[in-house]
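Numbering (my numbering), first residue to last: 159 to 220.
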Amino acid sequence: MKNVVLLTIDTLRKDILGCYGHKGELTPFIDSMAEKGIKFTKAQTVAPYTQPSFPGILTSSY
């Protein structure tokens, strides 16, 4: 089994992250993690807000 780090941040838009194309250096730690790991570009959620989304993340399967 590989090591997994699930980084979740409430109400963060991807367009502010350098790893998704933002020109400023606002998120260097997240950008370095994305460079070394897997970056999802087409993620979906079960709900548009946090409370029901986390159970969906932790119990769903592909």
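Glycine is no exception: its CB is placed at the ideal position from the N, C-alpha and C atoms.
Treat the numbers as computed from the prediction; the structure is a model and nothing was measured.
How many whole angstroms separate the CB atoms of residue i and residue j, which I take to be in contact at a CB cut-off of 8 Å?
i: Ile-188; j: Cys-177; result: 6 Å
i: Met-191; j: Leu-165; result: 7 Å
In terms of alpha-carbon separation, which member of the options lies closest to residue i?
i: Lys-172; options: Lys-200, Val-163, Val-162; result: Lys-200
i: Thr-203; options: Pro-213, Lys-160, Gly-179; result: Pro-213
i: Pro-206; options: Thr-169, Lys-194, Val-163; result: Thr-169
Between which residues of its own chain and residue i is the CB-CB distance below 7 Å, once the five residues before and five after are set aside?
i: Pro-210; result: Val-204
Between the beta-carbon of residue i and the beta-carbon of residue j, is there less than 8 Å?
i: Ile-196; j: Leu-184; result: no
Report whether the distance from the Cβ of residue i to the nearest heavy atom of the ligand HEM is below 7 Å.
i: Gly-176; result: Among the components modelled here there is no ligand, and therefore nothing to report on the ligand HEM.
Give me, in chain order, the residues of the same chain whose beta-carbon lies closer than 8 Å to that of residue i; leave out the 5 immediate sequence neighbours on both sides.
i: Glu-193; result: Cys-177
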